[in-house]
Amino acid sequence: MDAEKKRRRGIYLLPNLFTTAGLFGGFYAIIAAMSGRFEAAAIAVFIAMVMDGLDGRIARMTNTQSDFGKEYDSLADMVSFGLAPALVIYLWALAPLGKVGFAAAFIYAAGAALRLARFNTQAGIADKRYFQGLASPAAAALILGFVWWGNDAAWVRENIAWLAAFLTVSAGLLMVSNVRYNSFKDQDLKGKVPFFKILLVVVVFGLVAMDPPKMLFFIALTYAASGIVLTLMQLRQHRADRKS
224 MDAEKKRRRG IYLLPNLFTT AGLFGGFYAI IAAMSGRFEA AAIAVFIAMV MDGLDGRIAR
284 MTNTQSDFGK EYDSLADMVS FGLAPALVIY LWALAPLGKV GFAAAFIYAA GAALRLARFN
344 TQAGIADKRY FQGLASPAAA ALILGFVWWG NDAAWVRENI AWLAAFLTVS AGLLMVSNVR
404 YNSFKDQDLK GKVPFFKILL VVVVFGLVAM DPPKMLFFIA LTYAASGIVL TLMQLRQHRA
464 DRKS
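Note that this note's numbering has the sequence shown beginning at 224, numbered continuously upward.
Here it is in C-alpha cells:
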C-alpha cells in the first residue's frame, strides 16, 4: 500500500522531460532577445515547438498521461509561445512605436493566455479534428519566423514596425477567434500512407533547408490563412444547406 501511495504521488519523468525542454527553449529565447540575439531566440522557440509536439505524443504512446502533465504543459506553452514571442517581437521591432508597440505585444500575450485557458476547458468535448482559434505554437511560429527572416535579411526594423504590430495583433486575435484550424490529430502515424505524402514531406524539408527563416514564416502564414479559408467555406456550406 505504501509503495502504491508513493507511486501515485510521483510524476511521470519521460513526457515531462520534453515539456521542461520546451519551457527551457522559451526561457532561453527571452534571455537571448534581451541580449540582442534574435536569431538564437527564434531558433529556441522553434525547438520548443518540436518538444511541445513530442511530449503529448510520448505520453499517449507510453500511457503516462496525467493531470499534472497537462497543467505543466499548458504553463510551459504560455512561456514559450505566449510571453517569449511577445517579448522578442517587442524588443526587435515594436519598441520604437512606444505605447502602441507595448499594447500590440500585450494583446498577443493575452491572446495566448486566453487561447490556452479555452483549450483546457474544452478538452474532451471539442472536435479533436479541429482547433478553435489559431494554436499558440502556430502563432509563435508566425511571429518568430517573421523576426528570424527580418533579422537574417538585415531589415531596418524601424521601417517595418507597423507591419510587425499588425502581424502581432492579428496573431493574438486569431488565437481567441472562432476560426477553425485543422489539428491533424486524426493522422495515424503508425499506419500506412500514400506515397505522395512521403514525397510531400521530403519536398517540405528540402524547401525549409534552402532558407529556414523565410520558409518557416511562409508555412506558418499559410496555415494561419488556411483556417480563415476553411471557416468561410464551412459557413458557406452551412448557409447553402439551410436554404436547400
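Built from N, CA and C at the ideal position, the CB exists for glycine as well.
Predicted model only: the values in this text are computed from it and were never measured.
Use the C-beta contact count for Asn374: other C-beta atoms within 10 angstroms, 16 or more gives buried, fewer gives exposed. Per the 10 Å Cβ criterion, buried.
message: For Ser303, count the other beta carbons within 10 Å of its own beta carbon; 16 or more makes it buried, fewer makes it exposed. Which is it?
response: Ser303 comes out buried.
Phe291 in three-state terms, based on DSSP: If DSSP states are grouped into helix, strand and coil, Phe291 belongs with the helices.
Checklist entry - Are Ala255 and Ala267 touching if we call contact CB-CB under 8 Å? => result Yes, they are a contact pair.
Tell me whether Asn239 sits in a helix, a strand or coil according to DSSP, three-state version. For Asn239, the three-state secondary structure derived from DSSP is helix.
Open item on the list: So, with DSSP's three-state summary, where would you put Phe247?
Closed with: Assignment of Phe247 by DSSP, reduced to helix, strand and coil, places it in the helix class.
Determine the closest residue to Leu337 out of Ala358, Val452 and Ala432, with distance taken between C-alpha atoms.
The closest CA to that of Leu337, considering only Ala358, Val452 and Ala432, is found on Ala358.
Find out if the Cβ-Cβ distance for the pair Val399, Gly356 is shorter than 8 Å.
In this structure, the beta-carbon distance from Val399 to Gly356 falls below 8 Å.
**Message:** Rounding to the nearest angstrom, what Cα-Cα distance links Leu439 and Lys466 in this structure?
**Reply:** Looking at the two C-alpha atoms, the distance is approximately 41 Å.
Query raised in the report: Along the chain, where does the beta strand (DSSP E) that runs through Arg403 open and close?
Result: Where Arg403 is concerned, the enclosing beta strand (DSSP E) stretches over Arg403 to Asn405.
Margin query: Closest to Asp296 by C-alpha separation, out of Asn286, Ala309 and Ala271, would be which residue?
Written below: Selected option, being the one with the closest Cα: Ala271.
DSSP on Gln355, reduced to helix/strand/coil?
DSSP places Gln355 in strand when its eight states are reduced to three.
**Prompt:** Cα separation between Ala362 and Asn382?
**Reply:** Inter-residue distance for Ala362 and Asn382 is about 22 Å (C-alpha atoms, whole angstroms).
Item to check | Buried or exposed by the 16-neighbour rule on C-beta atoms within 10 Å, applied to Met274 | outcome: Within a 10 Å sphere around the beta-carbon of Met274 sit 16 or more other beta-carbons, which makes this residue buried.
Notebook entry, point to check: Given Ala349, which residues of its chain have a CB within under 7 Å of its CB, disregarding the five upstream and five downstream residues?
Noted result: Counting only Cβ-Cβ distances below 7 Å, and skipping sequence neighbours, we find Gln355.
Problem set entry | Assigned exposure category for Thr242 - 16 Cβ within 10 Å defines buried | Buried, because 16 or more other Cβ atoms sit within 10 Å of the Cβ of Thr242.
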